[in-house]
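Working notes, beginning with the structure itself.
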Amino acid sequence: MFRVYILKLGIVGLPGSGKTTVFRALTGGVEIHDEKGRREIGLGVVKVTDPRLDFLAEYHKPRKTTPVTVQYSDIHGFGEDQPKGAGASLEKFMAMVRPLDAFVHCVRLFDSPLQGPAEPLRDFKALEEEMILSDLGVVERRLDRVSRDIQRGKKELSKERDLLTKALEVLEQGKPLRCLGADDDLESLRGFSFLSIKPELVLLNVGENQAKRTVEEVMDQISSHTAGQPKVELDWLYADIEAEIAGMPLEDAKEFLQDLALQEGAKERIIRTSFRLLNLIVFFTAGEPEVRAWPLRNGATALQAAGTVHSDMAKGFIRAEVISYDDFRAAGSMAAAHKAGKVRLEGRDYIVRDGDIMLFRFNI
């Protein structure tokens with residue numbers, strides 16, 4: 007019912023889009039090779055910086071401080087020619103993308119001697135169409151099989167047939183399954199591992215000499231194309247520069263960013279965009295053993311937050327002691343916060359807010 011949530015993002019893009027450079031920029035560069043030395047999927051785990059977590063750790067002096075983590079995967083297989091007999095490769099590819107929470111869709115905004123002048127809107131549409139066509143094939147095959155089973159008497163599959171028919175109508179209009187609408191329908195379809203159903207962060211990989219005005223124009227073009235689509239966000243970065251910065255000492259990196267008139271690295275900003283895309287907030291548990299940040303779906307209850315920390319806390323949930331981070335910081339200590347009446351007792355249906363510090367009372 008509940009699980010510790012690790013945000014899993016897969017970086018995809020057409021060949022030459024620079025997605026592996028983007029991967030290095032966002033993670034510091036981790037690659038995995040098989041026993042024959044061939045590059046497989048790249049994996050990198052990033053610890054999310056949060057000044058609120060730092061403040062709580064400084065106050066509590068815990069034995070352990072645990073930030074939110076984001077796992078990036080450098081996904082290969084989109085937009086690439088597949089050899090004959092590539093069924094096993096397709097299965098492997100689907101195994102890679104199945105657990106992902108969202109795609110980071112890397113789009114080239116730099117001229118390339120191999121790929122030619124940048125045509126970001128064309129490239130964006132090309133990969134979107136590939137995802138839609140892939141899903142269309144899956145829906146058609148499954149719908150055919152379900153329809154035959156219903157004719158043989160399996161009437162319980164009627165609901166699935168109706169849902170797949172709705173999905174087919176969306177895909178035949180050239181729209182991704184994100185546009186299907188009802189959250190219940192989307193949730194019911196997740197078991198099929200559809201590609202176009204996943205939330206998408208469209209990330210422009212910008213050449214160093216590209217004018218800011220051009221970046222804004224391209225983002226407007228893609229934004230217009232995706233208007234009305236849910237669960238799409240846009241962002242950009244200088245991937246080559248950010249990949250170089252990722253390997254620098256912190257002070258050198260700050261100086262480099264200042265020279266580029268950038269307030270911060272893209273890594274932090276893109277994580278925030280990802281949280282917005284997936285409608286996530288962060289709550290905290292804090293004490294001497296551990297201070298920890300936990301990601302949680304916006305709108306989740308105290309019971310669900312308790313289950314995120316440990317299933318026993320959900321099973322035996324009694325109450326949650328809650329104080330907002332801002333109130334705690336203003337009070338200066340938990341004792342002062344209690345004295346000021348800022349610590350509240352909330353029930354299982356309380357809607358958790360971003361920055362809540364929570365202590366769960368439970369009995370099993």
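Remember, our numbering sits 6 above the position in the sequence shown when you count from 1. Even glycine gets a Cβ: it sits at the ideal position worked out from N, Cα and C.
Exposure of V51, with buried meaning 16 or more beta-carbon neighbours within 10 Å | exposed
Residue environment, E193, which counts as buried when at least 16 other CB atoms sit within 10 Å | exposed
Do A252 and G34 have their C-beta atoms closer together than 9 Å?
-> yes
Which residues bound the alpha helix (DSSP H) around V315?
-> A308 to V315
List the whole-angstrom C-beta distance separating S230 from L240, where the pair is believed to meet the contact cut-off of C-beta under 8 Å.
-> That belief does not hold up - the Cβ atoms of S230 and L240 are roughly 11 Å apart, past 8 Å.
Would you call H111 buried or exposed, if buried means 16 or more other Cβ atoms sit within 10 Å of its Cβ?
-> buried
Beta-carbon gap between L256 and R114 smaller than 9 Å = no
For F116, which of helix, strand or coil comes out of DSSP?
-> Note: F116 maps to coil in three-state DSSP.
Cβ neighbours of P355 in the same chain (closer than 8 Å, five flanking residues each side left out) = One point to set straight first is that residue 355 is Asp, not Pro, in the sequence displayed. Hits under 8 Å: T307, A308 and L309.
To the nearest angstrom, how far is it from the Cα of P123 to the Cα of G271?
-> 27 Å
Could you spell out the range, first to last residue, of the alpha helix (DSSP H) harbouring A343?
-> M340 to K345
Cα separation between I203 and G197?
-> 11 Å
Per DSSP, what kind of secondary structure is P105 in: helix, strand or coil?
-> coil
Closer than 8 Å by C-beta to S118: which residues in its own chain qualify, once you throw out the five before and the five after it? Chain order, please.
-> G22 and A124
Ignoring anything shorter than 4 residues or poking outside the segment 138 to 196, list the alpha helix (DSSP H) runs there in chain order.
-> 164 to 178 and 189 to 195
Based on the DSSP secondary-structure assignment, which residues constitute the bridge partners of K14?
-> Q77
Reference R151, options T171, D56, V221 and T220, closest by Cα = T171
At which residues does the alpha helix (DSSP H) containing K25 begin and terminate?
-> K25 to T33
Check whether D141 and A188 have beta carbons under 9 Å apart = The beta carbons of D141 and A188 sit no closer together than 9 Å.
Quick one: measure Cβ to Cβ for L284 and D80, integer angstroms, because I've assumed they're closer than 8 Å.
-> Contact flag wrong, Cβ pair sits at about 20 Å.
N304 CB to nearest heavy atom of the ligand FAD below 8 Å | No copy of the ligand FAD occurs in the structure displayed, which carries no ligand at all.
What does a CB cutoff of less than 7 Å around V10 pick up in its chain, not counting 5 residues either side in sequence?
-> Per-residue confidence for V10 stands at a pLDDT of 48, beneath the threshold of 50, marking its modelled position as unreliable; the derived number appears in the next sentence. If the five residues before and after V10 are omitted, its C-beta is found closer than 7 Å to the C-beta atoms of T314, all from its own chain and listed in chain order.
Which residues bound the beta strand (DSSP E) around E327?
-> F323 to S330
Of all the options V297, A31 and D129, which has the alpha carbon lying nearest to the alpha carbon of M254?
-> A31
T75 vs L13 beta-carbon contact at 9 Å | Less than 9 Å separates the beta-carbon of T75 from that of L13.
Consult DSSP for M364 and reduce its assignment to one of helix, strand or coil.
-> strand
Own chain, CB closer than 8 Å to L127, minus 5 neighbours either side, in chain order = V224, Q227, I228 and H231
What is the residue span of the beta strand (DSSP E) that V224 lies within?
-> Premise fails: V224 lies in the alpha helix (DSSP H), K218 to H231, not in any beta strand (DSSP E).
With 16 other Cβ atoms within 10 Å as the buried cut-off, status of T26 = buried
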